[in-house]
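Residue numbers (the numbering used here): 67 to 415. Note that the Cβ used here is the ideal one computed from N, Cα and C, for glycine as well.
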């Protein structure tokens with residue numbers, strides 16, 4: 067491989083497998099910067115990587131690699147490793163066996179960059195030691211923030227929720243809307259039911275003061291949706307899902323958009339609660355509020371055929387199919403699929 071940089075930190079790109087091989091051959095851990103060509107913050111790191119202090123340390127200590135977020139390698143390696151990128155640039159540190167040992171999101175600062183590299187070399191301080199330290203009782207606020215970030219990036223929802231629950235319990239309610247805790251909500255929180263999250267979505271006017279209202283709305287929307295479609299959100303009761311809908315409306319999301327977003331989660335909740343007729347009633351109300359297209363009806367028919375605990379939906383399914391067949395071109399694949407799903411529904415009676 068040929069370096070892609072001519073000065074400063076020597077970076078390679080476009081073959082991460084080869085990079086790990088070369089790192090192993092040189093006896094070095096691998097440092098990867100995840101960046102975007104259009105990211106102004108990422109651009110501000112370039113002169114920092116070119117400083118003698120940073121380049122000497124990283125060139126001597128690490129095999130250095132870069133992955134652009136729009137590259138195929140981002141999809142194949144970063145997402146393939148189940149790494150979530152909360153902001154850019156994201157600094158990742160791997161051992162020679164592809165284990166993620168440390169990560170950092172920092173300012174473009176030479177001292178911070180070198181310090182994070184040193185932490186990545188220290189088994190007692192780096193990120194992959196945090197689970198052990200947490201289980202041993204470490205509860206410092208900054209540690210919990212760092213652990214929550216690491217668990218979010220590595221998509222460890224359970225660890226993230228535990229860390230943020232304890233972090234929230236250590237914050238006085240009067241500080242919930244502070245800049246530090248707003249950033250914690252924005253960057254770290256994965257569960258809207260965390261005390262910080264619940265306070266946030268029910269006191270949005272407080273957070274809008276002195277902040278961009280559109281950003282606050284976006285933070286609320288992301289938090290609610292990530293909770294709703296999470297592994298724990300998949301077990302929400304119908305009552306809880308309706309609360310998620312109300313949270314969205316409270317965040318000034320269009321009520322119809324909010325209803326659309328909770329439609330399938332609410333259907334699933336009714337199925338889990340063994341009240342399928344409520345799911346049928348929900349759909350029958352929904353189709354009077356939102357004009358559905360043929361693929362929408364086909365999806366609903368297939369969904370109920372495969373998941374409904376009983377056949378109480380079939381009379382309504384016949385009406386859904388009739389509505390869709392009026393729109394489907396004669397002899398089309400759409401018509402064939404609709405008739406197949408209708409037949410499957412009737413067989414359940």
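* To do: Return the CA-CA distance between residue 292 and residue 257, expressed in angstroms with no decimal places.
  => 8 Å
* Indicate whether the contact test is met: 3 or more Cβ pairs, each with one atom in the region 172 to 192 and one in the region 200 to 220, closer than 8 Å. => no
* Asked: How is the beta strand (DSSP E) around residue 130 delimited, first residue to last?
  -> 129 to 134
* Spatial neighbours of residue 404 in its chain, beta-carbon cut-off 8 Å, leaving aside the 5 residues before and after -> 360, 363, 364, 367, 387, 390, 391, 394
* Just checking, does the region 230 to 245 make contact with the region 259 to 269 on the three C-beta pairs under 8 Å criterion? -> Taking 8 Å as the limit for Cβ pairs, the verdict is that the region 259 to 269 does touch the region 230 to 245.
* Around the C-beta of residue 242, are 16 or more other C-beta atoms found within 10 angstroms, so that it is buried, or is it exposed? -> buried
* In terms of DSSP beta bridges, what is residue 99 paired with? -> 132, 157
* **Pairwise C-alpha distance: residue 375 and residue 339** => 10 Å
* **Cα-Cα separation, residue 407 to residue 250** => 47 Å
* Any idea what DSSP makes of residue 365, helix, strand or coil? -> helix
* **residue 77, DSSP secondary structure in three states** => strand
* Look up residue 186 in the DSSP assignment and say whether it is helix, strand or coil. => helix
* **Exposure of residue 168, with buried meaning 16 or more beta-carbon neighbours within 10 Å** => So residue 168 ends up on the buried side.
* To do: Would you decide whether residue 165 is buried or exposed? Buried here means 16 or more other CB atoms lie within 10 Å of its CB.
  => So residue 165 counts as exposed.
* Helix, strand or coil for residue 106 per DSSP? -> helix
* To do: Tell me residue 169's beta-bridge partners as DSSP assigns them.
  => Looking at the DSSP assignment, residue 169 forms a beta bridge with 158.
* State buried or exposed for residue 70, treating a residue as buried only when at least 16 other CB atoms are found within 10 Å of its CB. => exposed
* Residue nearest to residue 314 in terms of C-alpha spacing, selected from 344, 127, 267 -> 267
* Would you kindly report the start and end of the unbroken alpha helix (DSSP H) that includes residue 263? => According to the DSSP assignment, residue 263 belongs to the alpha helix (DSSP H) that extends over 261 to 268.
* Asked: Is DSSP giving residue 199 helix, strand or coil here?
  -> helix
* Asked: In the structure shown, what three-state DSSP assignment does residue 246 receive?
  -> helix
* **Extent of the continuous alpha helix (DSSP H) to which residue 343 belongs** => 342 to 355
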